[in-house]
Amino acid sequence: MTKLKVRARAVDMLGRQQIAGIPNAIHELFKNAHDAYADRVEVDYFRNNHVLVIRDDGYGMTRSDVENRWLTLGTESRLNANSAVEGADQEWRGPRHPTRRSIMGEKGIGRLAIAVIAPITLLLTRAARPEGLHNLVVALVHWGIFEQPGLDIGLIDIPIEEFSGGKVPTQKDVSQLVDRVEANLDSLADQIDPKALVYLKKDLARMRLIGPDLIDNSLNQDLAPDKKLTLSGSGYGTTFIVIPVAPELDDDIDGAGDGESSKLERNLLGFSNWMALEKSVIRTEFRDHGIEGVTERIGPKSFFSADDFNKTDQLFEGEFNSDGQFVGSVSIYGKSRSFVCNWIDGKGRAPRCGPFRLKYGYVQGRANESRLAPADWVEMTSKTQRVGGLYIYRDGIRVLPYGNSDVDWLDIEKRRTYSARDWFFSYRRGFGYIEISHQDNSSLTEKAGREGFRENLAYRDFRSILVGFFKQLAYEFFRATSPQGDDYSRAKEELVAQAEILKKQSARASARRAAFEKEIDSFFSRQSAGYFEKEADELKVVLRERIDNLSDIKEPAPAALKFRQLEVEARQRLRDIYQKVQVSLPRGLALTKNLSKDWAAYQSVSRQIAEDVLQPLQAIVDETLADYAKGTIPEAERREFALRDMEDYKADVIRELAILRKEAADASEKMTAAVADTLKKEFSQLRVQIENATGDFAVRSVQNPHLLDSLRAGAQEYIRELVKSEASLFGSLKRQMIDLTEAIEAKETLDDRLGAIEARNQVLEEQLGFYSEFAQMGMSVGILQHEFEGAARGIRGAISNLKPWADKNAPLQPIYKNLRTHVEHLDGYLKALDPLGRRLHRSRVTISGSEIIEIVRNVFQDQLSAETIELEASMEFRAFKVEARSSALVGAFINIIDNAIYWLNVGGLQRKAIKLDADRRGFLLSNNGPAIEARLRDRIFELGETQRPGGRGLGLAISKEALGREGFELILVSSDRDSTVFGIFEKESNDG
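For the sequence shown, our numbering gives the first residue as 27, with consecutive numbering after it.
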């Protein structure tokens, strides 16, 4: 009798060839950890070495389990494991005694998924059983051998060893297992293609470099005992070490587009249903160990949580019962109502899929149509764009690929494309889950390759129910003619109207702010150009010349007339100068943060101009005119001139106010007419609508006398809604008129009230914008800092290795010193933005100006040469020494000089120079670029303040803060048309 033979390639076909990709394979291994009652399963991917380590804290496997279950295909140990079996509550689930879980793997081939990741697997597992901890079992599998054609499965040997006493195997122990696999390969050499044999042995040789004990120590270093995931000591669970990882994994991690998720994220995020559970069934992590450090790829913050459903515009929640009928609630813009939806396509029969639950939230695509706060709308839109979708969870564990942004399994986007006006939903604007179970939905069975459910009759009913549900939602609530669409259309219209009102108000306020800002800018432009001093000097000169000319006129009458003209002209010119200094803050105008600072600076500078320029000028004009008038112009005549001048001034002022009064009265009449007209039109329309409703009731009551009561109730309900809407409008107009009248009587204006609200709103918006931008930057810097710390350890080691050479080799000393300084400088930047991070060890050293100028020249040599900028350092600077951390001091110099180079280049100067000097207080840094405006002299040191296009406003702020910690202060000493000077001075001690 002939027996059926099994080739080794059957393992490859059942395993590697059944799984879509590496993320799917890892997902499958996560499910195995879940079935072993693990609380945690963690992946560490070492990119440089192409090594992947998967660890869990499940109850592990004994040697018998490894040989008879893990290394046996199609085992029945988990077959029907989810059926109700007597005594199931007493089964062993590990020493932590967790609640019973549904088993995710029943086919007995899911473990073969690991072959997709890499050709060689080192299995380490330690079982925890009621009788205690077992020995650590280690097996080495070369999956590449199973790919070779013509080999019988029984010819392949898999070495297994046991280690007792909580010992983890060393590199030497692993090499002994490699020797046994290599010997097996040699015995099969005549049955394997020679080229394939070379590759098999080449991959196998890489396993000799693996030391599981070192990996275990490294991954658990600095962790608290309860956080460790180890097989040493009293640890238990299962660990896989696989090499060399297929290059596709790098692309699965890095292949995300802008605003999109990577393939790894799409498949591994949300393994447990964080949207429904306060605590996940099992915690999963994936750490990517790259050149620049360690990055967490699938943290829970990257996925949706139960709280995110509170940040939606529409929410649908309920259960599809055994008849396929949805019974639940629909919330439209926060207004909830009960909703029942029948399965029309079922034609009265029960679905084959069984009952299930659904919860789905939806966010409007336009911010002005959303009830969410702007920050929440941006957050949720970004999240739904990345990982939005309708996920399926069976007993709390995700079923792939449902939920992936590239798997529109309900054809939501397809229907949107075909009928955009009639359809509502977009796949990437919503998120949620469908909850099924093995007990209720056993007919929904997954494909062997874990690429979704088999499309059997149960799945077709399941999909048909959901497609019909979303169609009914769109028809019932979100079309223009929807039977229950009032809540949606009315709320949407109100939100859009509110957004439009705010937009118009914002535009009006922005226009007023722009005009005010233009006045402020004009003042500071004149002030920076010395306009007021020039005008004052010119007026004094002209007045003196004209007075001297009057002395040549001998006749009193012509002299008096000329003097009168001169006095009028001089005082008018003086008023013009005063007018150009004065800027009025419009009543009720909310100022931005920068404009508020400009206004404060204006008040200070204008006061200074008044004291230093205008008041002395006024005194000189008065004195000059009075000196000439003595004995020349009679006092009575001078008083007459003064009275006439006051009359002219009074007439001008009254004329301007009269114009404003007339414009205000005209506006009041226009408003009164508009209110009366609106009330008249609205009331007329209401009367017509009520009459139409009454007439319609009369006709329909004749046609359907048996429906008299319901028709009357319907008509009255319609009229009540009409009256309610109009009463709301009339009441609102009434309140506005009363408020306006009371405000006018109290000499308040709407500008005052709106200004107060806008001012508060302006502050909050600016804070939100600033914090949002820097939160993004902070997250980026946090990641960068986290990665940098890993690289910093290697850099410090390299610097330490270089130091002995630098000590004995003079030419290497400046290279070593510069390298260390710049590494510390970079770390100083990162830590200034992340004060909670650990710091590189940096000690205070004595630094001279000569050392600083050498570093600065090395950093900016190319820029200075290209831009023809002279960099000078005085002898005083070179000789000056301070004690500080070099990173803080050198960082400040680099920031200031970098800014100086930029402003020298935009200044259009023929000669561009930066000078480094020192006095008894400390270092001085000057350049002959454009002067810094008076209003900006304090603000340039604030975080986020910049006048440089594309600048972030970080450099000077960070440098000032870093120097402050070192006991120094960074100040702007002076800035005028000739030079701008910064000072780095040691703070004066307050002791004694």
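Don't be surprised by glycine CBs; every beta carbon is placed ideally from N, CA and C.
Those residues which DSSP pairs with residue i across a bridge
{"i": "ASN161", "result": "Paired residues: none, contrary to the question."}
{"i": "ASN953", "result": "ILE940, THR1006"}
{"i": "GLY948", "result": "PHE1011"}
{"i": "ILE546", "result": "ILE546 is not bridged to any residue."}
{"i": "CYS367", "result": "PHE352"}
{"i": "HIS315", "result": "PHE72, VAL320"}
{"i": "ARG1020", "result": "Residue 1020 is absent from the model: the chain starts at 27 and stops at 1018."}
{"i": "LEU78", "result": "TYR71, VAL268"}
{"i": "GLN598", "result": "According to DSSP, which records beta bridges pairwise, GLN598 is partnered with nothing at all."}
{"i": "ALA910", "result": "VAL871"}
{"i": "PHE329", "result": "For PHE329, which the question treats as bridged, DSSP gives no partner whatsoever."}
{"i": "THR151", "result": "VAL163, THR264"}
Nearest-angstrom beta carbon gap, residue j and residue i [assumed within contact, 8 Å]
{"i": "ILE146", "j": "HIS168", "result": "5 Å"}
{"i": "SER1041", "j": "GLY192", "result": "The displayed coordinates of the chain run from 27 to 1018. Any statement about residue 1041 would go beyond what the structure contains."}
{"i": "LEU203", "j": "VAL142", "result": "Between VAL142 and LEU203 the Cβ distance is about 22 Å, and since that is not below 8 Å, they are no contact."}
{"i": "LEU470", "j": "PHE479", "result": "5 Å"}
{"i": "ALA957", "j": "SER551", "result": "Contact flag wrong, Cβ pair sits at about 12 Å."}
{"i": "HIS53", "j": "LEU416", "result": "Actually they do not touch by this definition, with Cβ atoms about 18 Å apart."}
{"i": "ASP621", "j": "ARG539", "result": "Looking at the sequence shown, residue 621 is not Asp but Leu. So it is a contact: roughly 6 Å between Cβ atoms."}
{"i": "LEU230", "j": "VAL207", "result": "6 Å"}
Reference residue i, options the options, closest by Cα
{"i": "LEU245", "options": "ILE236, THR256, ASP653, ASP252", "result": "THR256"}
{"i": "THR720", "options": "ASP314, ILE841, ALA741", "result": "ALA741"}
{"i": "PRO381", "options": "ASP371, GLU909, TRP625, ASP466", "result": "ASP466"}
{"i": "LEU734", "options": "ILE370, ASP547, PHE723", "result": "PHE723"}
{"i": "TYR71", "options": "VAL425, ALA59, ILE182, LEU275", "result": "LEU275"}
{"i": "ARG73", "options": "THR196, LEU230, VAL320", "result": "VAL320"}
{"i": "SER985", "options": "ARG963, ILE1010, PRO326", "result": "ILE1010"}
{"i": "ASP83", "options": "LEU162, ASP65, LEU97, PHE56", "result": "ASP65"}
{"i": "LEU5", "options": "ARG397, SER508, ARG292", "result": "Given that the chain is displayed from residue 27 to residue 1018, the structure contains no residue 5 and the question cannot be resolved."}
{"i": "ARG590", "options": "LYS688, ASN575, PHE667", "result": "PHE667"}
{"i": "LEU640", "options": "ASP624, TYR604, GLN629", "result": "TYR604"}
{"i": "ARG392", "options": "LYS518, SER287, ASP487, TYR501", "result": "LYS518"}
{"i": "VAL965", "options": "LEU150, ALA627, ARG681, VAL728", "result": "It should be noted that the sequence gives Arg, not Val, for residue 965. Comparing Cα-Cα distances from ARG965 to each of LEU150, ALA627, ARG681, VAL728, the minimum goes to ALA627."}
{"i": "TRP300", "options": "GLU689, PRO326, MET901", "result": "PRO326"}
{"i": "VAL67", "options": "ASN718, ASP239, PHE297", "result": "PHE297"}
{"i": "LYS409", "options": "ARG489, THR507, GLU286", "result": "GLU286"}
{"i": "ARG708", "options": "GLN729, SER751, ILE685, PHE488", "result": "Checking the displayed sequence, the identity of residue 708 turns out to be Glu instead of Arg. With distances taken between Cα atoms, GLU708 lies closest to SER751."}
{"i": "LEU56", "options": "LEU249, ILE279, ASP277, GLU311", "result": "A small fix is needed here, since residue 56 is Phe in this sequence, not Leu. Ranking the options by Cα distance to PHE56, first place goes to GLU311."}
{"i": "LEU162", "options": "LYS227, ILE179, ASP239", "result": "ASP239"}
Proximal residues to residue i (C-beta, below 7 Å), its chain only, five neighbours per side dropped
{"i": "VAL366", "result": "GLN351, PHE352, VAL353"}
{"i": "ILE370", "result": "GLY494"}
{"i": "GLU799", "result": "Only weak support exists for where GLU799 lies, its pLDDT of 48 falling under 50; the value from the coordinates is given anyway. Excluding positions up to five away in sequence, the list is empty."}
{"i": "MET803", "result": "For MET803, the predicted model reports a pLDDT of 48, less than 50, meaning its position is unreliable and no value from the coordinates is stated."}
{"i": "ILE716", "result": "ILE745, LEU748"}
{"i": "SER364", "result": "SER355"}
Same chain only: Cβ atoms within 6 Å of residue i, ignoring 5 sequence neighbours per side
{"i": "PHE495", "result": "PHE352, CYS367"}
{"i": "LEU989", "result": "ALA914, ALA918, LEU996"}
{"i": "TYR797", "result": "Low local confidence applies: a pLDDT of 48 at TYR797 is under 50, so the model's placement there is unreliable, with the coordinate-based value given in what follows. The answer is none, since no qualifying residue turns up."}
{"i": "ILE186", "result": "ALA165"}
Residues near residue i by beta carbon distance below 8 Å, same chain, minus five either side
{"i": "VAL1007", "result": "LEU950, LEU951, SER952, LEU998, VAL999, SER1000, SER1001"}
{"i": "ASP22", "result": "Residue numbering for the chain in the displayed model covers 27 to 1018; residue 22 lies beyond these limits and cannot be assessed."}
{"i": "ILE236", "result": "VAL77, LEU148, GLN197, VAL200, ILE267, ILE269"}
{"i": "SER806", "result": "Per-residue confidence for SER806 stands at a pLDDT of 44, beneath the threshold of 50, marking its modelled position as unreliable; no derived number is given."}
{"i": "ILE809", "result": "Only weak support is given to the placement of ILE809: the predicted model assigns it a pLDDT of 43, under 50, and the value that follows is read from those uncertain coordinates. These residues qualify, in order along the chain: THR321."}
{"i": "LYS544", "result": "none"}
{"i": "MET406", "result": "ASP334, LYS337, THR338, VAL389, LEU398"}
{"i": "ALA332", "result": "TRP300, MET301, ALA302, LEU303, GLU304"}
{"i": "TYR855", "result": "Low local confidence applies: a pLDDT of 49 at TYR855 is under 50, so the model's placement there is unreliable, with the coordinate-based value given in what follows. GLY917, ILE984, listed in sequence order."}
Proximity test, Cβ basis, 8 Å: residue i and chain C
{"i": "ALA64", "result": "Annotation note: the requested chain C is absent from the structure, which comprises a single protein chain."}
Notebook entry, point to check: Going along the chain, which unbroken runs of the alpha helix (DSSP H) with 4 or more residues stay wholly within the segment 449-492?
Noted result: Qualifying alpha helix (DSSP H) stretches: none in this window.
Item checked: Length at least 4, wholly inside the segment 524-577: the alpha helix (DSSP H) runs in chain order -> With a minimum length of 4 residues, the continuous alpha helix (DSSP H) runs that stay inside the segment 524-577 are 557-576.
Next item on the list: Run through the segment 225-285 for me and flag every whole alpha helix (DSSP H) of 4 or more residues, listed as ranges in chain order.
Entry: Here the runs fully enclosed are 238-245, 274-280.
Check: What alpha helix (DSSP H) runs, 4 residues minimum, are completely inside the segment 175-216?
Finding: Listed in chain order, they are 197-213.
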